[in-house]
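A.B. asks:
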Amino acid sequence: MKKLLQLLCLCLLLISGSVKAQTKLGSYFYKVPTPAPVPSYTGSNNNINSATNTSIEAAFIANGVSSLTLSRGAGLAHLNNSTYSYVGSLPDGQNEAAAVANDVYYQVAVNSTSGNYTSFSGIKAILRTANISGSVSEMVSKDITSRWYYSLNGTNFIPIGNEVLVGNTATGGAEQAQIDLSNIVALQNINPNQTVYFRLYAWGANGGAINDRGFGFGKSNTSGLEILSFFGATDSKPILSSWEFSKNHTN
Numbered sequence: 185m186k187k188l189l190q191l192l193c194l195c196l197l198l199i200s201g202s203v204k205a206q207t208k209l210g211s212y213f214y215k216v217p218t219p220a221p222v223p224s225y226t227g228s229n230n231n232i233n234s235a236t237n238t239s240i241e242a243a244f245i246a247n248g249v250s251s252l253t254l255s256r257g258a259g260l261a262h263l264n265n266s267t268y269s270y271v272g273s274l275p276d277g278q279n280e281a282a283a284v285a286n287d288v289y290y291q292v293a294v295n296s297t298s299g300n301y302t303s304f305s306g307i308k309a310i311l312r313t314a315n316i317s318g319s320v321s322e323m324v325s326k327d328i329t330s331r332w333y334y335s336l337n338g339t340n341f342i343p344i345g346n347e348v349l350v351g352n353t354a355t356g357g358a359e360q361a362q363i364d365l366s367n368i369v370a371l372q373n374i375n376p377n378q379t380v381y382f383r384l385y386a387w388g389a390n391g392g393a394i395n396d397r398g399f400g401f402g403k404s405n406t407s408g409l410e411i412l413s414f415f416g417a418t419d420s421k422p423i424l425s426s427w428e429f430s431k432n433h434t435n
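If you use my numbering, the sequence shown closes out at 435, no skipped numbers anywhere.
1) Between the region 338 to 354 and the region 376 to 385, are three or more C-beta pairs nearer than 8 Å?
2) Cβ atoms of arginine 397 and aspartate 276: under 8 Å apart, would you say?
3) List the whole-angstrom C-beta distance separating phenylalanine 415 from alanine 309, where the pair is believed to meet the contact cut-off of C-beta under 8 Å.
4) Is the distance from the Cβ of asparagine 295 to the Cβ of valine 249 below 8 Å?
5) Measuring only the C-alpha atoms, how far is tyrosine 436 from asparagine 367?
6) Pick from Asn315, Asn340, Ile307: whose alpha carbon is nearest that of glycine 351?
7) Along the chain, where does the beta strand (DSSP E) that runs through glutamate 410 open and close?
8) Does DSSP put isoleucine 316 in a helix, a strand or coil?
9) Can you tell me whether DSSP reads lysine 325 as helix, strand or coil?
10) Between which two residues does the beta strand (DSSP E) harbouring valine 380 extend?
11) Quick check: the Cα distance between asparagine 340 and methionine 323, rounded to an integer number of angstroms?
12) Report yes if the CB atom of asparagine 395 is closer than 8 Å to the CB atom of serine 298, and no otherwise.
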């Protein structure tokens, strides 16, 4: 019993020094909030407003993370951006396999700072399709579906959870259920200076003009409203994410 109590005390000490609360690693906003969050914005491109086809950096980046870079895949055509949103046009009539094969995705590349390990716990997004319910072209986007993937090398992407039907949304988009990353072992304790890639693939647009097949992150002129956020933790040493006691005392 004494040895068991000593072991328990040791475990608690290790946990107190190794477990870090899950926090927001980075976020994209519709436009610069007033007042700006800490750390403050560092450039005019640090928001979704008027974004072109080029990549953009997250507006808020937590300590321990060096960059979160949002970009489009080659198969997600950029024609123009609606004010206060980051959108593209989906190809017509594809399924998930075709979307993956034809690079129909949004990508966020996440980098930690030197000396910091990163663990991911979730993704939260507001997604938008072009045609709201009741519009004359409602059928175009009613079956638009998406799914998140991740990669540790930028080449091999692994699906996360299940596909999600986005369907028709209001102009401001629809808030999606948070994607849970906490149980994906490969996304815990990522080594310092390693890039982790997340892709949101989309498919299911049905006919209409290319302008009618819009898909992307929501639209609003509400200052400070977040359209995409990543959650997790960073630390200068690997983070203990779980532990348990066993009834097996043989060893």
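Note that the Cβ used here is the ideal one computed from N, Cα and C, for glycine as well. Being a predicted model, the structure only gives us computed values, none of them experimental.
C.D. replies: With the structure as the only source:
1) Yes, since at least three Cβ pairs between the region 338 to 354 and the region 376 to 385 fall closer than 8 Å, the two stretches touch.
2) yes
3) Actually they are not in contact, since the Cβ atoms of phenylalanine 415 and alanine 309 sit about 12 Å apart, beyond 8 Å.
4) yes
5) Residue numbering for the chain in the displayed model covers 185 to 435; residue 436 lies beyond these limits and cannot be assessed.
6) Asn315
7) 410 to 419
8) coil
9) The displayed chain sequence assigns serine, not lysine, to residue 325. DSSP places serine 325 in helix when its eight states are reduced to three.
10) That run of the beta strand (DSSP E) goes 379 to 387.
11) 33 Å
12) no
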